[in-house]
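According to UniProt numbering, the first sequence is numbered sequentially starting from 1.
Structure first, commentary second.
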Amino acid sequence: MIPREIVQPLLGWFYENKRDLPWRREPSAYHVWLSEIMLQQTRVEAVKEYYSRFLDALPEIEDLAACPETRLLKLWEGLGYYNRVRNMQKAARTVVEHYGGALPPDYEQLLELPGIGSYTAGAVASIAFGIPRPAVDGNVLRVIARITENEEDILKQSVKTKTERELAEIMPKNAPGDFNQSLMELGALVCIPNGMAKCGACPLAELCLARKHDRVMELPKKAGKKQRRLEKRTVLLIQDGEDFAIRKREKKGLLAGMYEFPNLEGYKSQEEILEYVRELSCQPVRIQTLTQAKHIFSHVEWEMKGYRVLIEPREKRNTDGLLFVNKKETKGKYPIPAAFAAYRKYLEEDI
DNA sequence: AAGTCGGGGGA
DNA sequence: TCCCCAGACTT
1 MIPREIVQPL LGWFYENKRD LPWRREPSAY HVWLSEIMLQ QTRVEAVKEY
51 YSRFLDALPE IEDLAACPET RLLKLWEGLG YYNRVRNMQK AARTVVEHYG
101 GALPPDYEQL LELPGIGSYT AGAVASIAFG IPRPAVDGNV LRVIARITEN
151 EEDILKQSVK TKTERELAEI MPKNAPGDFN QSLMELGALV CIPNGMAKCG
201 ACPLAELCLA RKHDRVMELP KKAGKKQRRL EKRTVLLIQD GEDFAIRKRE
251 KKGLLAGMYE FPNLEGYKSQ EEILEYVREL SCQPVRIQTL TQAKHIFSHV
301 EWEMKGYRVL IEPREKRNTD GLLFVNKKET KGKYPIPAAF AAYRKYLEED
351 I
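Dropping the structure here:
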């Protein structure tokens, strides 16, 4: 069980130590929602700039609902997990249609919106609306596992469910948002992963069972992660004068809807590359080897070999799924993910 | 319950 | 290198 005695020390600590974060300035439901979506599996420092830029571009939920997809993905470019922003737009359209443009102040209704799971629903409900619901993220699971000296694998759904149920029991009805944030803030600043915990600065040190038994180092437990698969790819910079070929990725799957340079699975010979370029209705003139590059995703790792292929000027410009974009005009227009950073620079710089 | 989905920063 | 991050969704 989680002791109720954690509540007041946590709140007191939070009011003294909470960070001044952009989304804490004007915590409207939209602002809290956006910050929570951006912060999913993403560090605070990485989110700050994106958050401000996003709200400058789309200050209201209606703006988000009406935004073209490419512009939306461009605003998210580099943050990763691009389904987050696609789901958020779907939800925004639902909010405009069914809720008059304002998020519903109700946990169950929030939970029904795409991209909002139990954590985000709890965070928005408690922080924006003062509704007493827990918001259990990785920080909270770690903090609670240590306080209670829980041996179970915190990645198990059952642990999360139990944590939510027990936190709901002790949730202070007058400050649910602050209480949820205090747990997360403690996890982010003091009760840090691995062997880095700063127990000397912890307001819960005296009642923490892991510390009492000197087991903070070994908790929480997490099941082993499986190995990433390696994928070799051949990336092509097909160049017609100052124009480069890009194309849009599939609507589903990895990097859905983002733009990329034409590329092939596996390492291809120069003959195979030229053949492929011809299939795209291009007439290759010269081929040049570029640098190798690697990009690591969560579950797959790309090892890429790049080639620049100069082609004859094309009559029919944008066919065969290719989009020829001018190096000067395309600046900031097409969302091209970081996986292509090593080759993207040819589009952005004079090389 | 397991797999998919990004990217970066720090040890 | 590996780990982890204010997770959600699909299978």
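Every residue, glycine too, gets a C-beta built ideally from N, C-alpha and C.
According to DSSP, residues forming a beta bridge with residue i
i      : result
Pro284 : Ile311
Asn239 : Note on identity: in this sequence residue 239 is Gln, with Asn being the wrong assignment. BP columns for Gln239 point to Phe244 and Leu310.
Leu259 : Per the sequence presented here, residue 259 reads as Tyr, with Leu not at that position. Lys248, per the DSSP bridge assignment.
His295 : Trp302
Thr234 : Leu264 and Lys305
Other residues of its chain near residue i: CB distance less than 7 Å, five sequence neighbours each side excluded
i      : result
Thr330 : Leu347
Ile170 : Ile2, Arg4 and Val7
Residue range of the unbroken alpha helix (DSSP H) whose run includes residue i
i      : result
Glu265 : Premise fails: Glu265 lies in the beta strand (DSSP E), Asn263 to Glu265, not in any alpha helix (DSSP H).
Val140 : Gly138 to Ile147
Val325 : No alpha helix (DSSP H) contains Val325, which is instead part of the beta strand (DSSP E) from Leu323 to Asn326.
Pro9   : Val7 to Asn17
Lys61  : The question names Lys, yet the displayed sequence has Ile at residue 61. From DSSP, the alpha helix (DSSP H) with Ile61 extends over Ile61 to Ala66.
Lys160 : Gln157 to Ile170
Lys268 : No alpha helix (DSSP H) holds Lys268; DSSP gives it neither H nor E.
Gln89  : Asn83 to His98
Lys48  : Val44 to Ala57
Tyr346 : Ala341 to Glu348
Leu209 : Leu209 to Lys212
Contact under 8 Å by Cβ, residue i with residue j
i      : j      : result
Thr319 : Ser269 : no
Asn139 : Met184 : yes
Val309 : Ile246 : no
Cys191 : Val136 : no
Leu141 : Thr161 : no
Pro114 : Lys90  : yes
Met38  : Leu64  : no
Ile2   : Glu166 : yes
Tyr343 : Leu290 : yes
Gln40  : Tyr82  : no
Gln283 : Glu265 : no
6 Å Cβ shell around residue i - same chain, five flanking residues per side excluded
i      : result
Leu230 : Glu301
Ile287 : Gln270, Tyr307 and Val309
Phe54  : Leu75
Leu111 : Ala121
Pro105 : Phe129
Query raised in the report: Contact between the stretch 10 to 19 and the stretch 192 to 204: three or more CB pairs below 8 Å?
Result: The stretch 10 to 19 makes contact with the stretch 192 to 204, as at least three CB pairs between them are under 8 Å.
Query raised in the report: So, do the stretch 302 to 309 and the stretch 249 to 256 have three or more beta carbon pairs nearer to each other than 8 Å?
Result: Taking 8 Å as the limit for Cβ pairs, the verdict is that the stretch 249 to 256 does not touch the stretch 302 to 309.
Requested in this report: Indicate whether the contact test is met: 3 or more Cβ pairs, each with one atom in the stretch 11 to 29 and one in the stretch 165 to 178, closer than 8 Å.
Outcome: The stretch 11 to 29 vs the stretch 165 to 178: in contact.
Query raised in the report: Do the stretch 88 to 99 and the stretch 273 to 291 touch if we need at least three Cβ pairs shorter than 8 Å?
Result: Segments in contact, no.
Query raised in the report: Does the stretch 120 to 139 touch the stretch 26 to 34, meaning 3 or more C-beta pairs lie closer than 8 Å?
Result: Segment contact: the stretch 26 to 34 against the stretch 120 to 139, three or more CB-CB distances shorter than 8 Å; contact assigned.
Report task. Check whether the stretch 219 to 227 touches the stretch 144 to 153, counting contact only when three or more Cβ pairs, one atom from each stretch, lie closer than 8 Å. Result -> These segments touch.
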